[in-house]
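Residue numbers (full-length UniProt numbering): 1 to 317. For every residue, glycine included, the Cβ atom is placed at its ideal position computed from N, Cα and C. Note sheet for the following structure.
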């Protein structure tokens, strides 16, 4: 009796450079996948937001309207709208197809560091150096925010929205989680300024990176520390962290030109991905595939688990 061969394990980490894109928009401040992972958003210091094809690395559209560096961007669930934020203290809602400005939202007193749609793209959340998070109704013609959250004692550096919860990270060293339905606030104190926050895919944990060169995994409901990940360098830059698609690995940018990937459970370093010789400014993990975006200086890199030729052959067969 012969047993079937064990199925080969799918590689869990993107370690093959599939393409490098010269964005030609100055330094790339942030790089993001859109909702389905087919497109790339790159935020430039030349005041532009650009939309790229992931598979070909070709430029599809340039969105110009900000007065200073574009710092973050997000795409709506149906890919019809984009929102972006800038050092010029404004947010812009864009029509993807035409490239036109749908609305320009002002109200923050400092540069706007982070921006995200809710799941229905009916509300945009923005976090600013002025210490506030503002929520904006995308369907209203009014220009005032529908809510202002001002609990942070310093600049809000990062935010993430998941269903009815909002997670924020601040320079005051606190991770705040708002239950928007119940009107409740939960605060976890981390002694160092927070640079990035995110939810785990299963919604049970929060991940935060801070300027003490540490990424921390916390239990969302209790605030208990589940893991600490170190080895990378994050001392003076606002850099991203994230979880892989199935919550198996923790990833972080680093000032030494690498992306560090740790095993979530063991805490051991699984991969130290060499991107280049400068600071890795931003990263984004594909929503469904083992793909990673990184940005360094004026370029965006697309990484995959397998070299591209093999992928194309697999598709052909």
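Subject >> Cβ neighbours of residue 315 in the same chain (closer than 8 Å, five flanking residues each side left out) >> reply: Its pLDDT being 41, under 50, residue 315 is placed unreliably by the model, and nothing is read from it.
Original post:
Below 7 Å between beta carbons: does that hold for residue 271 and residue 13?
Top reply: yes
Subject >> In DSSP terms, what residue 237 is bridged to >> reply: Beta-bridge pairing links residue 237 to no other residue.
Subject >> Span separating the alpha-carbon of residue 305 from that of residue 33 >> reply: 17 Å
Original post:
Which class does residue 119 belong to by DSSP, given the choice of helix, strand or coil?
Top reply: coil
Subject >> Beta-ladder partner(s) of residue 194, from DSSP >> reply: 210
Original post:
Going by DSSP, which residues form a beta bridge with residue 258?
Top reply: 274
Original post:
What is the DSSP secondary structure of residue 308, counted as helix, strand or coil?
Top reply: helix
Original post:
Among all the DSSP beta bridges, which residues are the ones paired with residue 323?
Top reply: For the chain, the structure presents residues 1 to 317; residue 323 sits outside this window and is missing.
**OP:** Output the distance between the C-alpha atoms of residue 18 and residue 237, rounded to the nearest integer angstrom.
**Re:** 27 Å
**OP:** State the DSSP-derived secondary structure class of residue 314, mapped to helix, strand or coil.
**Re:** Residue placement at residue 314 is poorly supported in this model, since its pLDDT is 40, which falls under 50; the coordinates still yield a value, given next. Reduced to three states, the DSSP call for residue 314 is helix.
Subject >> Member of 175, 104 and 103 whose CA lies at the smallest distance from the CA of residue 208 >> reply: 175
Subject >> DSSP state of residue 79 mapped onto helix, strand, coil >> reply: coil
Subject >> Beta carbon of residue 297 nearer than 7 Å to that of residue 109 >> reply: no
Original post:
Taking Cβ positions, are residue 145 and residue 134 nearer each other than 7 Å?
Top reply: yes
**OP:** Using the Cα positions of residue 23 and residue 222, report the straight-line distance between them to the nearest angstrom.
**Re:** 42 Å
**OP:** Can you tell me which of the three DSSP states residue 157 falls into?
**Re:** strand
Subject >> Touching by the beta-carbon criterion (3+ pairs, under 8 Å), the segment 267-281 and the segment 61-68 >> reply: no
Subject >> Coarse secondary structure for residue 140, derived from DSSP in three states >> reply: coil
Original post:
Under three-state DSSP, which class holds residue 15?
Top reply: coil
Original post:
Who are residue 44's beta bridge partners in DSSP?
Top reply: 28
Original post:
Taking the continuous beta strand (DSSP E) assigned at residue 253, which residues delimit it?
Top reply: 249-253
Original post:
Since residue 85 sits in a beta bridge, which residues does DSSP pair it with?
Top reply: 72 and 91
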